[in-house]
Every structure is written in C-alpha cells, then in structure tokens.
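Have a look at the structure below, then the notes.
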Amino acid sequence: MTAGESSHPTSNIPATNSEFVVGGHETGLPPAERYSQLRWYFAQHYPLPAPLEERLTAAHPTTAALDATLLQETNQWLRLLPDRLTHTAMVMLGAAVDHTMPGVAYLRGANVTVEQQDEITMLTPESAAADTLIVNVYAFDGRCGNGQAGEDRHLPEMAALAVLSGCRVAVVDCSSSAVQALKVQQTQLVQIVKNLRETYQPTRLALIGSDAGALLAACVAPAADVVIFDQPYQGALADSTVEAALAAASTCEQKTTVVVTHPTAISAADQDIVSGLLAAAQPVGGAAVHTFPGDPLIIEPGIARQRLLCWAQHITGKTITDPRQAVEEQVAAARAAEEAEATGNAKQ
C-alpha cells in the first residue's frame, strides 16, 4: 500500500504521491508533503473518533452530548496525541531530525511552578518577568472531549510558552462550558482578567484564544496589549455569539498587536471565522497572519515548536533564539559524519 491510499472511509486525507518508507524520508520533503505523510499514518493507525472527524469537516457540528464510551475514547485519543505525533514523525519523516513536541522540548531542565487558582491554572517559570502576563482562554469544543485531555495535550504547550517567553501564563479552561451563553462567558472572563491585572499588575497583558476559546477571548480583547487568535473555531457557539465576539474584537485600540495563527488545512467554516477576525482587526491597524502546514489536530512537531516561538516573540516584542537550535545542529552534524563515514567505507 502506498502512502496515498487510506482505509479510513470518512477522512479527508490528501494523497501523498509518495511510497511509505520504514524509518522515514531522509530527503527533504516540502512542508505540505510532510503533513500529508503524518495524516496518512494517522488514518491507518490512529483513526479519528467520530467527534474529532466532525470537528475537522462539519460546518456546524451537532451539540448532542456524547455517550460515556465515545467521550472516553475521544479524551484518550487527545491525551495520546502529542506522543503519537512524535512517534509518527520519526517513522514517516526520518529519525535524524528533532521531532520532540514543544511540551517536551522546552521543559527539559526547566522549572515551571503549577498552581491551581479556582478556574485558572497558573504556570510560572523561573525568574518570570513581572511586567508581562499571558492569559490563555482555552475551549476545546464539548463534542471533542470535555477538556480532561488538556492536562496532557494543552497545559504542557502553555508551560513551554512560559519558558520561551519568560512570562507567567494563566490558563482559563472553558472547555466544559464553551456552549453557554456568551454573556455568561464574557462576564466571567472580564472579571478574571480584571482580577489578574489587580493581582499581578502587569504593564503588558497578552491574550491567547485557543480553538473555540478564540471567540471567547475576542470578548475581552480590548483589555489586552497583544491578542493571539489560534486556530479560531465556532463549534457549537451560536452565530449571534460569533457576531458579538467580532464586534468586541473590532474595538481594540490602535496600539494593540493582533495575531491570527491557523493551519493550512481548515474547513470552510473555520476559514469564515478567520476572515471575520481579520476583518474585525482592519479598523484597528490590521493583524499579522501566520499559517502553518497542518490541521487543528495533526501538526509536525518542528512546526509546533516554530508556532510557539512565533507567539513568544510577538508577546515579548523580542527576537528569541530557539533553544532547540543547538540540538538540530548536533543532529545534522552527526548525520553528516555518518554519511561521510559511509562514503569512505564504500570507497575502500
């Protein structure tokens, strides 16, 4: 079977036009092709549970509650996703590359304090900057698990961002209540942001809205100095909710830095949300847009690290050198030495 064939009947896996190679491709494939390789492997070995398939394809996912078995299956799939991405990248893209996910790569040797404060998980790196606070509004749609997978999938990534940026990150998980009325969510978030400002007194507040949390974050965007909408998604939120969120985003101050990051493979509905956020940002100076090869679930580990580095630089306003760059250079040097040795042996 070639990598262009799929046994998963409901998936929108693009044909890769490449043969499967045990140990991965050692030649440089373009980013889009590397993503296709990962998607093919997942379709064969880790097929998406129905709710996640719906997340990627349906314009308006159903809001019916999941039965216990399907909910458990979906949560487990999400918990295992970071490790599976690393494993799949090693198999399909070659082992002589750094395939560690950011939640592993940037936390090695780092000390991040985790503190639970009511609905907030506070992540504090060593020597955290006092002048900048990051607030992450995280809402993974209730049809895609109930947020229980966040400890394995999302929190490590936010902890890695804390290390890269040198800033505290307050994670507000709205996953279990993302389908509630906007006014309730907006009131809660406004109060949370107000309390955080009073407690930590930052001179610079960065706001990151993840997945369905991007629209919830838009409600409090005017209170932030930097706003990052990551993989914006409507999910079960009503159209009126989207309209109100976009209206709030359009009232950001001219000095506010607005950034939109999203994968290249998104549904038409997701693209509409991205376009709406960009249109809302136009009157207040526009927005920087960063796309990356992947979809809302499948991303190459190296690309995931680049995405986080991009956020850290926008948040701090500084150029940040990737701590993993030295590892990449060591891997490349070792590979070059092996090739040189093999060439020398062949000539003997």
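Residue 178 in my numbering sits at position 177 of the sequence shown, with consecutive numbering throughout. No residue lacks a Cβ here, since even glycine has one placed at the ideal position from N, Cα and C.
Rounded to whole angstroms, what's the CA-CA distance from residue i to residue j? Just pull it up for me.
i    : j    : result
A335 : V92  : 19 Å
P83  : L49  : 14 Å
E55  : A111 : 37 Å
V113 : T125 : 5 Å
V22  : E340 : Per-residue confidence for V22 stands at a pLDDT of 47, beneath the threshold of 50, marking its modelled position as unreliable; the derived number appears in the next sentence. V22 and E340: Cα-Cα distance of roughly 19 Å.
L217 : V138 : 7 Å
S37  : A219 : 32 Å
V173 : H46  : 33 Å
L156 : D323 : 20 Å
D212 : A338 : 43 Å
Q232 : A130 : 27 Å
Q235 : S268 : 11 Å
P52  : L79  : 11 Å
H291 : Q117 : 32 Å
Q272 : A305 : 20 Å
R198 : T252 : 20 Å
A281 : T344 : 58 Å
G29  : T265 : 20 Å
A140 : E342 : 51 Å
A239 : I274 : 12 Å
Q307 : I135 : 18 Å
L208 : L57  : 25 Å
Q314 : A347 : 46 Å
V261 : I316 : 13 Å
A44  : I300 : 14 Å
T133 : C168 : 6 Å
E152 : G210 : 17 Å
D296 : I321 : 26 Å
A171 : M159 : 9 Å
C311 : L162 : 10 Å
P31  : P294 : 10 Å
L67  : T87  : 29 Å
E330 : S241 : 50 Å
K195 : A97  : 47 Å
G303 : R35  : 11 Å
L278 : W41  : 31 Å
V228 : L309 : 14 Å
K256 : H100 : 37 Å
K319 : L165 : 11 Å
L350 : R85  : In this structure the chain extends from 2 to 349, so residue 350 is not present and cannot be described.
A33  : P103 : 20 Å
M123 : A90  : 31 Å
R109 : R325 : 11 Å
Starting from residue i, follow its DSSP beta bridges and name the residues at the other end.
i    : result
N137 : V172 and I209
I264 : In the sequence as presented, Ile is not what sits at residue 264; that position holds Pro. According to DSSP, which records beta bridges pairwise, P264 is partnered with F293.
D231 : S211 and T262
E116 : M123
I300 : G295
A130 : C168
If I follow the unbroken beta strand (DSSP E) through residue i, where does it start and stop?
i    : result
P324 : From DSSP, P324 is part of no beta strand (DSSP E); its letter is neither H nor E.
M123 : I121 to P126
Taking the alpha helix (DSSP H) that residue i falls in, what are its first and last residues?
i    : result
L30  : Premise fails: L30 is in no alpha helix (DSSP H) and is neither H nor E.
G286 : Unbroken run through G286: none, as it is neither H nor E.
M91  : A69 to L94
L247 : D240 to A250
G151 : G151 to R154
P103 : P103 to A106
L57  : A51 to T58
Would you say residue i faces chain B, with C-beta separation under 9 Å as the test?
i    : result
E301 : Checking the listed chains, one finds no chain B in this structure; it contains a single protein chain.
Answer yes or no: the CB of residue i versus the heavy atoms of the ligand FAD, is any distance below 8 Å?
i   : result
P83 : The ligand FAD is absent from the structure shown, which contains no ligands of any kind.
Exercise for review: Assess, as a yes-or-no matter, whether the stretch 69-82 is touched by the stretch 285-293 under the definition of 3 or more beta carbon pairs within less than 8 Å.
Suggested key: no
Check your understanding: Using 8 Å as the threshold, is the stretch 240-248 in touch with the stretch 197-209, meaning 3 or more CB pairs across them?
Key -> no
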